[in-house]
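>
In our numbering, the protein residues as written are 2 to 430.
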């Protein structure tokens with residue numbers, strides 16, 4: 002009997018709690034309805050519309066706590082009233098917006114928008130890409146009140162990019178019309194020499210210099226001067242590493258297209274404690290940070306950038322002589338390596354340690370094309386990041402990325418040549 006009374010009391014308490022929750026929900030809905038009626042006017046049109054739809058869209062369950070009793074609902078669960086919306090489309094080469102109901106917030110929004118022009122009652126033409134208007138309307142009214150197809154967004158974006166490209170061509174044609182006929186070649190060469198003598202090289206990176214070399218004969222001559230000057234301005238350092246051998250080194254190299262030791266006797270001496278000379282000697286070449294236009298792109302942090310790595314397997318060099326080694330950038334089909342070195346193997350004993358030999362570095366080939374390949378691969382990564390994060394995709398930026406990609410393909414090596422080298426983590430992350 003007592004159990005039956007307790008069960009009845011529990012049901013009664015649950016019924017009272019649910020009735021209280023229902024009253025609170027009804028009070029909350031009346032408050033929302035009152036607020037929405039202040040926003041959505043006029044009243045004559047609003048009476049035909051679904052207020053829960055305007056406020057929250059389709060029906061959805063909202064949990065405000067950890068138990069089932071704290072679940073509330075909002076939005077329209079399906080009714081016979083009308084559901085206002087804004088339909089975006091791209092037709093006849095023009096972005097359009099159509100309003101289903103003449104509610105004041107919709108009319109005020111499009112009336113105050115500079116890019117909109119009313120062509121018919123409740124229909125507007127929109128200038129610019131449709132995607133920008135789509136995002137703005139969603140932020141203003143909510144995504145449930147906006148209807149647009151992906152096909153319309155894509156078509157609008159293509160038309161906008163084409164229009165930008167056409168505007169650039171028209172602007173270029175106007176400039177050519179104003180400038181008139183081309184200047185004489187000798188005058189062009191004189192102007193270029195004046196610009197070169199007044200620090201033109203300080204404002205161009207290696208990619209721009211490379212493109213300038215292919216523009217015309219006069220510019221190519223000036224660009225060749227700038228390329229030689231840029232190669233004289235960069236600096237390198239070298240490291241030698243071996244897992245089993247102790248290495249003594251003292252290397253300083255002059256910054257030329259063919260790098261040669263500043264001291265003829267600069268050498269690497271490796272000593273083997275185990276009597277095993279199978280461990281390779283690793284030679285790395287680093288680009289030092291200097292004040293050139295490429296500095297901000299090549300060096301994310303102050304320091305050095307590794308641009309070449311050579312592995313010398315000393316057991317292959319049984320006799321004294323001059324040898325060549327390939328870097329990770331060089332193709333296996335290349336007949337010669339870019340590192341030239343002389344090996345001397347005395348095999349002497351010094352205090353119980355066998356001196357395996359001595360390496361005299363003769364030269365390391367690092368040309369303008371090598372430097373260009375390093376720069377454009379770094380620059381291409383950053384240009385793509387900037388392009389993808391930009392809200393407006395300009396055709397000029399896309400063309401610049403294509404030019405960088407073409408230069409990277411034509412440069413020595415491939416896309417993975419610098420993977421694992423120091424200073425390349427941002428490109429291969």
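Positions of the beta carbon are idealized from the N, C-alpha and C atoms, including for glycine.
Model, not experiment: these values are computed from the prediction.
Give the secondary structure of residue 97 by DSSP, where H, G and I count as helix, E and B as strand, and everything else as coil.
Residue 97: strand per DSSP, three-state reduction.
> Near residue 197, what residues of its chain come up, given a Cβ to Cβ distance below 8 Å and the 5 sequence neighbours on each side ignored?
Cβ within range, chain order: 223, 226 and 227.
> Do the stretch 148–155 and the stretch 53–64 make contact, defined as three or more Cβ pairs closer than 8 Å?
With a cut-off of 8 Å, the stretch 53–64 and the stretch 148–155 do not count as touching, because too few Cβ pairs lie within range.
> If I measure Cβ to Cβ from residue 125 and keep anything under 6 Å in the same chain, skipping five residues before and after, which residues do I get?
Closer than 6 Å at the Cβ level, and outside the excluded window around residue 125, lie 98, 111, 117 and 119.
> What are the boundary residues of the alpha helix (DSSP H) that includes residue 435?
Summary: the structure shown does not reach residue 435, with the chain confined to residues 2 through 430, and so no result is reported for it.
> In terms of alpha-carbon separation, which member of 342, 129, 138 and 179 lies closest to residue 162?
Closest by alpha carbon: 129.
> Roughly how many angstroms lie between the CA atoms of residue 19 and residue 108, to the nearest whole one?
Their backbone Cα atoms lie some 42 Å apart in a straight line.
> For the beta strand (DSSP E) containing residue 240, name the first residue and the last one.
From DSSP, the beta strand (DSSP E) with residue 240 extends over 237–242.
> Buried or exposed, going by whether 16 or more other CB atoms sit within 10 Å of the CB of residue 82?
Exposed, because fewer than 16 other Cβ atoms sit within 10 Å of the Cβ of residue 82.
> When you compare only the Cα positions, how much space is there between residue 14 and residue 122?
Whole-angstrom Cα-Cα distance: 57 Å.
> Using CA coordinates, which residue listed in 332, 372, 191 and 79 is at the minimum distance from residue 286?
When only C-alpha atoms are compared, the closest one is 372.
> So the candidates are 94, 88, 55 and 100; which of them puts its Cα closest to the Cα of residue 80?
When each option's Cα is compared against that of residue 80, the closest is 55.
> Evaluate contact between the stretch 396–410 and the stretch 161–178, counting only Cβ atoms and requiring at least three cross-stretch pairs below 8 Å.
Counting Cβ pairs under 8 Å, three or more are found: they touch.
> Beta-carbon within less than 8 Å of residue 160's beta-carbon, same chain only, minus the 5 sequence neighbours each way: which residues are those?
Within the same chain, residue 160 has close Cβ partners 91 and 94.
> My output table needs one value for residue 324: the three-state DSSP class, helix, strand or coil.
In this structure, residue 324 counts as strand in the three-state DSSP scheme.
> Terminal residues of the continuous alpha helix (DSSP H) containing residue 486?
Nothing can be reported for residue 486, as the shown portion of the chain is limited to 2 through 430.
> Give me the residue from 405, 114, 193 and 131 with the minimum Cα distance to residue 375.
Ranking 405, 114, 193 and 131 by Cα distance to residue 375 puts 405 first.
> Of the residues 378, 137 and 22, which one's Cα is nearest the Cα of residue 300?
Out of 378, 137 and 22, 378 has the C-alpha closest to the C-alpha of residue 300.
> Are residue 391 and residue 329 close, meaning C-beta to C-beta below 7 Å?
Not in contact: residue 391 and residue 329 (Cβ atoms no closer than 7 Å).
> Thinking C-beta only, is residue 206 closer than 7 Å to residue 106?
For residue 106 and residue 206, no; Cβs fall outside 7 Å.
> When DSSP labels each residue in this structure, what does residue 84 get in the three-state scheme?
It is coil, neither helix nor strand.
> Measuring CA to CA, which of 199, 363, 308 and 193 is closest to residue 343?
Closest option to residue 343, Cα to Cα, is 363.
> Which class does residue 429 belong to by DSSP, given the choice of helix, strand or coil?
Coil.
> Near residue 258, what residues of its chain come up, given a Cβ to Cβ distance below 6 Å and the 5 sequence neighbours on each side ignored?
Here the model assigns residue 258 a pLDDT of 40, short of 50, so the residue's position is not dependable, and the following value carries that caveat. Taken in chain order, the residues that qualify are 232 and 368.
> What residue from 51, 75 and 131 has the CA that sits closest to residue 102's CA?
Of 51, 75 and 131, the residue nearest in Cα terms is 51.
> Measuring CA to CA, which of 241, 26 and 37 is closest to residue 314?
Closest by alpha carbon: 241.
> Roughly how many whole angstroms lie between the Cα atoms of residue 58 and residue 76?
Taking the straight line joining both Cα atoms gives about 5 Å.
> Once the 5 residues before and after residue 235 are set aside, which same chain residues still bring their CB inside 8 Å of it?
Closer than 8 Å at the Cβ level, and outside the excluded window around residue 235, lie 256, 288, 289, 291, 293 and 372.
> Would residue 381 pass as a contact of residue 307 if the rule is Cβ separation under 7 Å?
No, the pair does not count as a contact, with Cβ atoms beyond the cut-off.
> Below 8 Å CB to CB, which residues in the same chain sit around residue 157 once its five sequence neighbours on both sides are set aside?
Result list for residue 157: 91, 96, 130, 131 and 132, in chain order.
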